[in-house]
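So the protein sequences, as listed, match chains C and F. For the first sequence, my numbering assigns the number 304 to the initial residue and increments by one for each residue that follows. For the second sequence, my numbering assigns the number 304 to the initial residue and increments by one for each residue that follows. Think of the CB as a built atom: it goes at the ideal place given N, C-alpha and C, for glycine as much as any other residue. Bear in mind the structure is a predicted one, so any value in this text is a computation, not a measurement.
There are 2 protein chains.
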Amino acid sequence: MIFSSELIKGTLKTIVLKQLEANGRMYGYEITQRVKELTFDKIQITEGALYPTLHALEADGLVVTETEYIGKRIRKYYSLSPKGKTKIEEKLSEMAEFMETMKFLLDLKPI
Amino acid sequence: MIFSSELIKGTLKTIVLKQLEANGRMYGYEITQRVKELTFDKIQITEGALYPTLHALEADGLVVTETEYIGKRIRKYYSLSPKGKTKIEEKLSEMAEFMETMKFLLDLKPI
DNA sequence: GCAAATGCATAATATTCTTATGTATATTGC
DNA sequence: GCAATATACATAAGAATATTATGCATTTGC
């Protein structure tokens with residue numbers, strides 16, 4: 304099952320920031336592959352969604368970038384800024400509480 | 304804490320359908336109040352979000368409506384159609400699996 | 001050598017929400 | 001009695017964020 308896109312809406316920034324927190328330094332394509340792998344293909348981040356999101360995170364000062372060349376091919380690494388490190392903590396605890404709330408509201412049984 | 308709106312994105316239809324499943328027959332304003340109450344004000348559905356959603360659910364054949372007058376004031380009741388009953392089951396199991404996936408992906412500890 | 005994978009990016013479009021606005025009736029507090 | 005609040009519907013402009021499509025270029029695997 305691939306999750307319907309509307310479910311993933313609003314969680315993309317959190318997912319990206321979390322990956323950067325967990326792995327230190329990542330480039331865009333790597334993030335999509337890691338998430339795909341970790342979720343057994345259930346969450347596939349499209350490039351059209353990812354890159355604008357990364358640019359927005361950078362504009363907000365939550366991530367910083369370094370560009371490297373691998374041969375002739377460019378690779379843009381992203382990592383959390385101090386502001387980003389604070390932000391991901393906030394996002395995670397908000398998400399945890401949101402999920403508890405939804406579990407109650409939707410009367411979800413543990414699966 | 305009121306959840307940031309982006310978190311709630313994509314979950315509104317599920318919330319509405321679930322309330323109708325749980326309570327049989329409800330009108331719009333009632334849904335907003337019930338959800339506000341059940342979540343201790345953490346989720347507040349705005350009218351600008353709710354009514355278009357209800358209309359969309361009706362257009363998709365997931366809910367049916369009956370209009371009543373309470374005094375001179377109109378009240379539009381919504382209830383699940385058979386199609387809606389199937390749909391909410393699907394939505395709930397998808398949501399449950401999504402939440403498990405997110406819990407793992409974001410490495411969330413039980414709170 | 002050619003297809004698939006890697007790697008970046010943007011643009012048009014769709015969806016779905018916020019915020020603002022509109023209309024009207026009913027109830028509550030003073 | 002009357003003003004403020006609550007009830008109850010609805011739509012519209014705008015913002016945010018995703019999808020889908022497209023573009024370009026390099027590298028790897030067979």
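query, result
"Can you tell me whether residue 407/C is buried or exposed, with buried defined as 16 or more other CB within 10 angstroms of its CB?", "exposed"
"Does residue 321/F get closer than 8 Å to chain C when you measure Cβ to Cβ?", "yes"
"Does DSSP classify residue 307/C as helix, strand or coil?", "coil"
"Verify the CB distance criterion: does residue 411/C have a CB-CB separation below 8 Å to chain F?", "yes"
"Report back the beta-carbon spacing between residue 324/C and residue 388/C to the nearest angstrom; my notes put them in contact at under 8 Å.", "7 Å"
"Report yes or no: do the stretch 340-359 of chain C and the stretch 335-350 of chain F share at least 3 C-beta pairs separated by less than 8 Å?", "no"
"Which residues, in chain order, does the stretch 351-363 of chain C contribute to contact with chain F at a C-beta distance below 9 Å?", "none"
"I'd like to know whether the C-beta of residue 400/C is nearer than 8 Å to at least one C-beta of chain F.", "yes"
"Which whole-angstrom value describes the C-beta separation of residue 397/F and residue 307/C, a residue pair presumed to lie in contact below a C-beta threshold of 8 Å?", "7 Å"
"So residue 379/C is in the alpha helix (DSSP H); what residue range does that whole segment cover?", "Run containing residue 379/C: none in the alpha helix (DSSP H); it sits in the beta strand (DSSP E), 376-383."
"With a floor of 3 residues, list each beta strand (DSSP E) that falls wholly inside the stretch 317-399 of chain C, ordered by position along the chain.", "366-373 and 376-383"
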